[in-house]
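Notes follow the structure.
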Amino acid sequence: MPQPVVSDSGDGRAEGHPPIIYVEAIMSFLANAALQKKFVKALNANERFAEQALWFDGSVLLECNSDRLWLKIYKGQVIDLQTAVPPFGYTFKFSGPEAAWKALTSGKRLWADLTFPGTRNFENDPKLETAGAFHVDIATEGNMLEASRLTEAMFELAYTLRDVCAK
2 MPQPVVSDSG DGRAEGHPPI IYVEAIMSFL ANAALQKKFV KALNANERFA
52 EQALWFDGSV LLECNSDRLW LKIYKGQVID LQTAVPPFGY TFKFSGPEAA
102 WKALTSGKRL WADLTFPGTR NFENDPKLET AGAFHVDIAT EGNMLEASRL
152 TEAMFELAYT LRDVCAK
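Quick note, this note's numbering runs 1 ahead of the 1-based positions in the sequence shown.
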C-alpha cells in the first residue's frame, strides 16, 4: 500500500500552507521487469501449460495490490505482456493482496487453497466455525467459463510463477 511521505520544510511553500504530501509507491514482486521476463520464458517452456492452453485465445491479468501483469495467450504461448490493462481489457483475472501471492510464491500455500472457496485445514478452527465459508484469498473475475475451462492451465501458470520466484 502506498505510504504518505510529508515533505520537509524546504519545499518552497509559503508560511501557513499545508505541507506537500508525496505518495511513495511500494511495488510488489509483480512489477519486477526481470521476473516478468523469466516468468514468461518459463511459462512458454512449460509443456503442460502449452497443452492445456492450446485452444485459448485471450488474456489473463494477474493483479497484486495496484501492480498488474497482463498476459496475452494464444495457442498455448504467451505472445505479449504488459503492466497495464489494454483498452479491450482481459478475458479473466486473478487478484489478491501481496500476502496471498507471497504465500503462493513461497510455497506456503497451494493455488487451490488460495483460489477455491473452503478449507481443508482446520487446525486453527477446531470447532469448525468457518466450515462452509466461501472466502478466497486470490479472487477470479471476468469470463468465468473461460477461467473454469483453463483451470489446469492456470495451475501450471501459478506453479510456474512460484518456481520462478523461488530462484
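Each residue gets a CB set at the ideal place from its N, CA and C atoms; glycine is no exception.
Only residues of its own chain outside the window of five on either side were considered, and among them Leu55 have a CB closer than 7 Å to the CB of lysine 76, listed in chain order. Here the C-alpha atom of isoleucine 139 lies approximately 23 Å from the C-alpha atom of asparagine 47.
Collapsing the DSSP output to three states places serine 149 in a helix. It is roughly 15 Å from the alpha-carbon of methionine 145 to the alpha-carbon of leucine 63. Going by C-alpha positions, phenylalanine 95 is about 11 Å away from tryptophan 112.
Closest in alpha carbon position to threonine 92, among Ala148, Asp164, Ala35, Thr161, is Ala148.
Of the candidates Leu36, Leu129, Ala32, the residue whose Cα lies closest to the Cα of lysine 168 is Leu36.
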